[in-house]
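Worksheet: one structure, shown below.
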Amino acid sequence: MTEILFVLFAVVATGGAIGVVTGRSPVASLLFMVATLASLAGIFVLFEAHFLAAIQVLVYAGAIMVLFLFVIMLLNLGHDYRADLKFGAWFLLSLVVVGLTAGVLVQGLTGTDEAGPRGDGAAVAAALDAAVAEKGAVGVIADPLFTDYVVAFELMGLLLLVAIVAAVVLAKPRNPEAGE
Amino acid sequence: MVTGVSAALLAGLPASAAGAVSEAAASAGASTGAAAWEPILPGLIVLLPLLGFALNGILALLAARDSSAALREGRDWNPFAGPRRPATHRLPSWIGPGAMALAFGLALLNFLGMPADLHDPVIRSYWGWIVTGDLRIDAALQLDQLSMVMTLVVTGVGFLIHVFSVGYMAGDPGYPRYFAYLNLFVFFMLVLVLGSGFGTMFVGWEGVGLCSYLLIGYWFSDREKSDAGKKAFIVNRIGDVGFLLAMFLLFQGFGTLDFIPIFAGAEGRVAAGGVAVTAITLLLMLGAAGKSAQIPLHIWLPDAMAGPTPVSALIHAATMVTAGVYMVVRSSVLYALAPTSQAVVAGIGALTALVAATVALQQYDIKKVLAYSTVSQLGFMFLAAGVGAFTAAVFHLVTHAFFKALLFLGAGAVIHAMHDAAHHGDGHLDEQDMRNMGGLRRYMPVTCAVMWIATLAIAGIWPFAGFFSKDEIVWYAAAWAGAESNPFGALYAAYWGLALLTALLTAFYMARLMVMTFHGANRTGEAARSHLHEAPGVMTAPLIALAALSLFGGWINVPEELRMSFAGLFGALPMSEWLHHWLEPVTHAAAEIQTAGFGEAARTAPVGGGEAAWALVSTLAAAATVAAAVRFTSTRKYVPAAEDPGPRRGLRRAAYDKWYFDEVYDAVVVRPVVGASRWCWKAVDTLVIDGFVNFAGNFARLAGWAASLFQTGQVNMYAFVLTLGFLFVLGATVFL
Amino acid sequence: MTDLLASILYGDWILHALIWLPLAGTAHVLVSSAERARNVAFRWSAFVFVLSLGLWWAYDPGDGGFAMQSSAPWIEAWGVSYSLGIDGISVFMVLLTTFTSAIAILGSFEYVKTRRKAFYALMLLLETGVVGFFLATDVFLFYVFFELTLVPMYFIVGIWGGERRIYAAVKFFLFTATGSLLMLVAILYVYFAGGTGSFAYDAFLNAGMSLREQLWLFAAFALAFGIKVPVFPLHTWLPDAHVEAPTPGSVVLASVLLKMGTYGFLRFLLPFFPEAAQHPAVVAVMLALGVVGIIYAAWVAAVQPDAKKLVAYTSVAHMGFVVIGVFALTLNGLQGGMVVMISHGISTGALFLLLGMMYERRHSRLIEDFGGIGRAAPWFATAFAITALASIGLPGTSGFVGEFLALLGTFETHMATGAIAATGVVFAAYYMLPMVQRVLFNELDKPENRKFADLSRREIAILAPLVALMIWIGVHPTPILERTEPSVQAVLERVEDARMHAGGGEDAATGAAGGFRSFAPAGDGPAADPAPSGAPAAPRAAGPPGGGR
Amino acid sequence: MLTPALYLSAVLFVVGTLGVIVRRNAIIIFLCIELQLNAVNLAFVALSRYTGIEGQLYVFFVMTVAAAEAAVGLAIIISIFRHYETVNVDKFNVLKW
C-alpha cells in the first residue's frame, strides 16, 4: 500500500514539477506547483512526518503559494506568455547539463542502504515511533526545537521579522515627489 | 689633542718595516724623532682663513637678507651709495685681508724658524677623521720644506690679492660674499698643501674646486658665468675620479694614505716601472690634469675667466691650478719609480704648453690670453716634473705665481678702468677686448710699468724671475734627454725642442698683449676715453709688491752655472740654488731613484752646448722675439672689437677657436652622455621597466575583463554556471 | 651622561618607549582638534626624538651583538615573541628615524591643509612601524612592522599626494607588497624546513640551510629588500612615489623607508644566508646592479625636468653606493654603506624639504619655473647649495665619507666595479649642478620669483640641524664609525665564517689577492704568497691597527 | 523506500534547476527555486527516518527561510516590475561588472 501511494505521489510530484517548468502561464505553473507540494506532503506522511506534512500544506501550498498568486495577480501577469521558455540550443545545453547532474546524483545515491546511512535505520525509526507515541507528532519536533535548537529557532524568528520589514520597505511604492 | 709627531726615523727604516712605520705615524704623541723644531701654531695658519670665512659669511648672509628684501619690495639697494657703507660692506675689507695677513705672518714665522737641515716632516695631528678597520685618515698637517714654500706662496700672494680686491670689488653688492668665498678658498688651499696624506689633500683638492666653482660663478645671475663655474666643477671632478682611484690603489698597496709611510715604503713595496705604480701615477696625473688644466682637461680654465679678475689671479693663476704640480712634486718618489708615467706627464706638459701658447697668440680678450698663458706655463711645470726636475717645477710655480698674479691683477686694473670708462662711453663696449684698448700707457702708467716687468719675466729674459725658472726647466729636459740609460731619451729631446719653441711663442704673445693694451693709438672711443684712470692706491700697491717679486723672485734659485752672470752687477749671488737645497729633503729620494734608473744627467744639450750657452741663446731669442712682436703688432691696424670678425680661416682661425676642443668634447662626450641619459629615461625607464610593470597591472586588468564577460547580468546564465560548478563538485565527490 | 641614563634604567624601557610612544601620539592626535593636531604630533615626535638621543650614550658597542634586549612571548604556539634589541647598525637607523620624523612633521605645517588629524596620526603610526622594524629581533615581529609601515605611507601618498597620487600609491604598494610576500614565503620556509620552532633572530641564524636553499631564500629576501632600497630595475616606483607624495612623506620615504631595504641587507640577508651572500654569482649580480644603479640613475636624474623626480633618482644612485659597499663584503665597504645610509637620510631629506618649500612658494616642481632664486632668497639658496653639495659627496660633508668608504671597500675586492662606480662621482656633479644652477643661479627672469620669500624662522629651525649634521658627519664621522664597527664586523665575520666552511676555493676574495699581485716586489712571485686568499694579504696586515682611539 | 525517495528528490531538484535556467519569468524562476528547496526537504524528511529527528527540524528551518525568501524576493520583483514594467529577467542585466 505504502509503495503504491509513494509511486502515485511521486508521479504526481514529478509531473507537477515538469508542469511548473513548462507551464504556459505563471498561474498554470503555480497550480502545478501546488500539486507538487501537496503530493510531497503526502510523501512526508508516508515517512511519518505528520507535522511537517501539515505545515507543508498549510504554509507552503497555502500561504506561500497564495502570496505568489497575489503577486501574479497584482502585476497582472496571468496571461503573459511571450517567449518565456528559452528553447533552442540554450534549452538543449541546459537539458544536457541538468541531465548529467541528475545522472551523477542518481549515481551518487544508488546503493544507499535501506538501513540508512549509518546502518541503524531500524533502531532510529523505532525510537522515533516511540517518541511520537509518547509526545505526539508535534511534541517530537517541538521538544528539540525549544531546547537544543532554541537559539536557531529564535534567529529564525528574527529572520522572519527582518524579511517582513524588508518586504514592506522594498514593495512600498516610491513617491516621486518625495525625491527618492 | 694637538700633539706633534715627528717621524724622524721613518725614512730610514727598511721597507719591510713599513707596517711599523705607519703605526708610528698613527699613534699620536709618540715622539721618536730627534728634530727639535716646534712649529708655531701651524693649525692657526689654516684656521685664520676659515675664521675669516665664517665672519664674512655671516656678514654676507646678513647683507643678503637686506638685498633680497629690497628685491621683493622692488626698491633699489646699493650699499655703496651712501656716504658710509653699512657694516656688512665695511668690515670684510679688514677681515678678509686681515686674516690673510695674520696667516702669512704666522707662515713666515714658521718658515724662518724652520731649521734648514730639518730632515723629516713635522706632523701635527688634530683628530682622527675617518677611522675604521685598518683605515686611518687623520686630520693632520704636515710641515716640511715643500709645504712651507707653498704656504708662503698661498698666503703671501693671497694676501696681496685680497688687498687688491678691496679696491677692485668696491661697488659690488656681494662684497662680503666675495671675501667669504676668497677666505674659504685660501682655507681649502692651505689644507691641500699642508695635509699630511692623500686623504687630507683630497679635502683641500675638492674644496678649492668648490670655491673655484663659487667664484667663477660669483655673478651667478649671468647664465654664461654660472655655466663656466659648472663646467669647471664637472671637469675637475673627472680628474678627481683619477685621484680617488689612485688613492684606492695606494691604500691597497700600502694600507695607509699618509705621505710619510707611502713614500718611505714605496721603493720596497712596489716594483720600479711596474704596472701598479704606473697606474697610480697616471691616475694621479689625471687628477692633476683636471685641477691644473692640462690637456685633455684644460677646457675649463679659459671659461673660468668669467669670475672676477682677482679670483683669476689667485685661483686660476697663482695657486689652485698649481695644485696639480704640487701634488706631482709631492709624489715625486712614486713618479720617479714610474718612468713611463713621467714621460707621459712631461709629454702632456710640453704639448699643453705649446697648444695653449698657440691659442694665446690669436686671442683678443685680455683675460683669455692670460688664461691660455697660464695653461701654457702650467704645462712647463708639468714638463719639469715629468723630466724629474721637481725643484724646477716648484721654482717655476713660485715665480709664475708672482708674475702671473701680477699680470692678472694688472689686467684687472685695466678692466677696472675700462669698466668705468664703458659706463660713460657710448653704447656697448667689451671691457676685456684688447681691440678696444690701446694706448692705455698714458692713462695708467704704473700698471703699464709693472705689467712690462711681468711680461719680461714670463718671456724669460734675464734677469727677471721667469728667466731662471723657465731656463731651468728647459735645461733639465735637455740634460735628462742625454742621460745614458734613459729609455725615453729621444722623447725628452723632443720635449726640449717644444719647450724652446713655446718659450719663444710666450714672448711673442705677451709682447702682443702689452702693445695692444698699452701702446699705439687709443681705440676706446671719445666719450669713454676721458674716464680712463689709473687704479687707486689699494690696487697699485699689491701690483708694485708683485712687480718686485717678479723682478727678484728668480734669485732664490739661480743655477750654479749662471751664478756668475750677476758678477758684474752685484758680485756673485750668495744664495745660488737656494731653493734646490731647501727642497732637497723632499726631492732627494726621487732624484736618487732617477739617477739610479737613468744614470747621470748629461752636461750638454742633445745638439751640443752647455747650460750657460743655452741660457744665453734663449734669453737673446726671447728678447728678439719681444722686439719682433712689438714691431709686428705696432704696425698692424686694429679695429674695435665690434667691427672685427676675427681671422677668417686656416690655422689662425683654428687657434682663434681654441683648436675646437670644446666642440669636439661637446660632440664626443657631452651630447652622447646627455643623449644616453634621455634614452635611459625615455626608453629604459619609461618604456621597458615601467612598461613591464604596467603590463603586469594591465594583464590583471585584462584577465578581469575576460572574466567579466561571464557577468552578463542574466540570471539564467548565472544559474547555468552555478549548476555547472555544482556538477563538477558533485562529480568530484561521487567519482573521485 | 651614561651614569645619568643608567640611573633611570634607560636601557630597560627605552626601546619599548620608542615604539609605543608614537602610537600613543597617534591616539592623542586623533582625539585632539584639527588645528592642534600638528602641534600635538610635533611634540610627541620631538619628545620621542629627545628620548632616543640617549641611545648615543647608552648604547655600548661592545662586541657588536644586540644590547638592551628584552623578550616576551606573543604567540607561543608558533614560537613568536615580542623581542627587541639594538646594535650598532640599528641604533643609527632609529636615531635617523626619530630625527627625520620630527623634522618631517615640523616641515609639513604649511604643506598639509586637509584632513590634518588623519595625516599626523598616520605620520606617527609610520614612525611606530619603522622604529619597530629596526628594533625587532623576532623575524615575525619584524615582518609585522615591515608591513605596518606600508599602510600609512600608502595613505599619505594616496590622500595628500599630487595629481597622479593614486597611480603612485598603488604602484608603491604593489611593488613593496610583492616583494614582502615573497619574503614571507621565504621566512615560512626557513621556519618550517629549518625546524626552528621559533621566529627568534638567533634561531633563524642557526637554521642550517643548504647552499641551494640559501640561494633561493636569498633571492626572495633580496627581492623584497631590493624593491625597498630600490635596486636598479626595481626602482620605478620610487620616482612616482616621491613626486606625488607630500613633502613630509617624501622626506620620511627617502630618509627612512629606503633604509629599511639596506638595513634588511645587513641585518637579515647577509647573516641568514652567508654562503649565498658570498657566492660569486650572487656577488657579481648585486654589484652589477649597484653599479648600474649608480650610473643609470645619475643619468636619468640629469635629464629630469621635475626637480623632485630628479632628487628621487639621485636616491637610487646613492643607494647604489650602499649596495656595492655591502656586497663588496669588506669592512670599509660595509661601514661606507652605513655612512651613506645616514648621510643620504639627512641630505636627501633636506633636499626634499627644500623642494617642498619651493613648491609651497611657487606651486611648481619644474626646474624651468625657477632661476635666480639665489638673489631673491639667499638664505634658502645657501641651505640648498650646501645640501646639494653634501648630496654629491663633497669632502667635508657627510656624503663624501660614505661614498669614499664604500668605493674604497668595493675597490679592495672588486677593482673594476669600484673603478666604474667611482665615475658616479662625476655623474653626481652632472645631475646636481645643472639643477642648482637652473634653480638658484641664472637670471631672475620670472616676475613671480622676485617675490620668492626667504626662509622663515620655522624653516631655519628645520634646516639648521640638518645642515649642521651634514657638516659634522663630514668633518668628524669617527664617533659614528666606531659605534657601528663592531656590529658591522660581526656581520662580516659571519659571512667569512661561512666562506671558510665553504672551502674558500671559489670565493670572491680571490679578486682581492689578484689585486695585490702587482704590488708584490719583483722576485716575490704571487704563487709563493702563502696567505689564504680570504684573509687580507700581507701589506694590509701591516696597516695601522685600530687601537689608539 | 529510502532510495526511491532520494531519487525523487534528485529528480525534483534537477527539474527545478532546469526551470531556473530556462525560464525568463522571474516569478516562475522563484517557483522553481521553491521546487528545489522542496526537493531537498524531501531528502531531509526521508533521511530523518534513518538518522534522527534533526532532519525534520531542518525542514522546518528551510521552510522558514523559504517563507522569508519568498516575501523578500516577491517584494523585489514588485519593485523591479515598477521600474521596468516587466518580470522578464533578460531585461535585467545591470547586475554585471
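The listed protein sequences correspond, in order, to chains F, X, G and D.
Just so we're on the same page, the working numbering is the position in the first sequence counted from 1, plus 185.
Just so we're on the same page, the working numbering is the position in the second sequence counted from 1, plus 978.
Just so we're on the same page, the working numbering is the position in the third sequence counted from 1, plus 13.
Just so we're on the same page, the working numbering is the position in the fourth sequence counted from 1, plus 56.
By construction, the Cβ of each residue, glycine as well, lies at the ideal position given by its N, Cα and C atoms.
Note that the structure is a prediction, hence the values are computed from the model and not measured.
Chain D contact residues for residue i, given Cβ-Cβ distances below 8 Å
i	result
Thr-1711 (chain X)	Within 8 Å Cβ-Cβ: nothing; Thr-1711 (chain X) doesn't reach chain D, min ~14 Å.
Glu-233 (chain F)	Arg-105
Proximal residues of chain G, C-beta to C-beta of residue i below 8 Å
i	result
Trp-1659 (chain X)	Trp-312, Val-313, Val-316, Gln-317
Reduced DSSP category for residue i - H, G, I as helix; E, B as strand; rest coil
i	result
Asp-314 (chain F)	helix
Arg-1102 (chain X)	strand
Val-1197 (chain X)	It is worth fixing the name first, because residue 1197 (chain X) is Trp in this sequence and not Val. Coil at Trp-1197 (chain X), not helix or strand.
Ser-94 (chain G)	strand
Val-1109 (chain X)	strand
Gln-1120 (chain X)	strand
Pro-358 (chain F)	coil
Ala-50 (chain G)	helix
Ala-149 (chain G)	strand
Arg-79 (chain D)	strand
Trp-87 (chain G)	strand
Check whether residue i and residue j have beta carbons under 8 Å apart
i	j	result
Val-1372 (chain X)	Leu-1019 (chain X)	no
Pro-60 (chain D)	Phe-191 (chain F)	yes
Gly-1220 (chain X)	Leu-1264 (chain X)	yes
Ala-1244 (chain X)	Leu-1315 (chain X)	yes
Met-196 (chain G)	Thr-275 (chain G)	no
Val-323 (chain F)	Phe-236 (chain F)	yes
Tyr-1196 (chain X)	Gly-1152 (chain X)	yes
Leu-91 (chain D)	Leu-68 (chain D)	yes
Chain-ordered chain X contacts of residue i [CB-CB under 9 Å]
i	result
Asp-467 (chain G)	Ala-1042, Arg-1043, Ser-1046, Ala-1047, Arg-1050
C-beta neighbour in chain X for residue i, strict 8 Å
i	result
Phe-116 (chain D)	no
Ser-20 (chain G)	no
Phe-424 (chain G)	yes
Residue-level contact to chain F via CB, residue i, 8 Å cutoff
i	result
Val-150 (chain D)	no
Val-78 (chain D)	yes
Phe-1677 (chain X)	no
Any chain G beta carbon closer than 8 Å to residue i
i	result
Ala-1654 (chain X)	yes
Lys-1269 (chain X)	no
Asp-1668 (chain X)	yes
Neighbour flag for residue i against chain D, beta carbons, 8 Å
i	result
Ala-220 (chain F)	no
Ile-240 (chain F)	yes
Val-1648 (chain X)	no
Residue-chain proximity (residue i, chain C), Cβ-Cβ < 8 Å
i	result
Thr-1664 (chain X)	Considering every chain present, this structure includes no chain C. Its protein chains are F, X, G and D.
Under 8 Å from the C-beta of residue i: neighbouring residues of chain X
i	result
Thr-189 (chain G)	None at all; the shortest Cβ gap to chain X is about 13 Å.
Proximal residues of chain X, C-beta to C-beta of residue i below 7 Å
i	result
Val-285 (chain F)	For clarity, residue 285 (chain F) is Leu in the given sequence; the question names Val instead. Under the 7 Å cutoff, chain X gives Leu-1705.
Thr-73 (chain D)	Thr-1701
Residue i: contacting residues in chain G (beta-carbon distance under 7 Å)
i	result
Ser-1204 (chain X)	Gln-450, Phe-454, Asn-455
Does the stretch 326 to 341 of chain F come into contact with the stretch 107 to 121 of chain D, if we say contact requires no fewer than three beta-carbon pairs (one atom in each stretch) closer than 8 Å? Segments in contact, yes.
Inter-stretch contact at 8 Å, needing at least 3 Cβ pairs: the stretch 1361 to 1379 of chain X / the stretch 1439 to 1457 of chain X: The stretch 1361 to 1379 of chain X makes contact with the stretch 1439 to 1457 of chain X; the number of CB pairs closer than 8 Å reaches 3 or more.
Contact between the stretch 1414 to 1426 of chain X and the stretch 1491 to 1510 of chain X is defined here as three or more beta-carbon pairs at a separation below 8 Å; is this criterion met? Because the criterion of three Cβ pairs below 8 Å is met, the stretch 1414 to 1426 of chain X and the stretch 1491 to 1510 of chain X touch.
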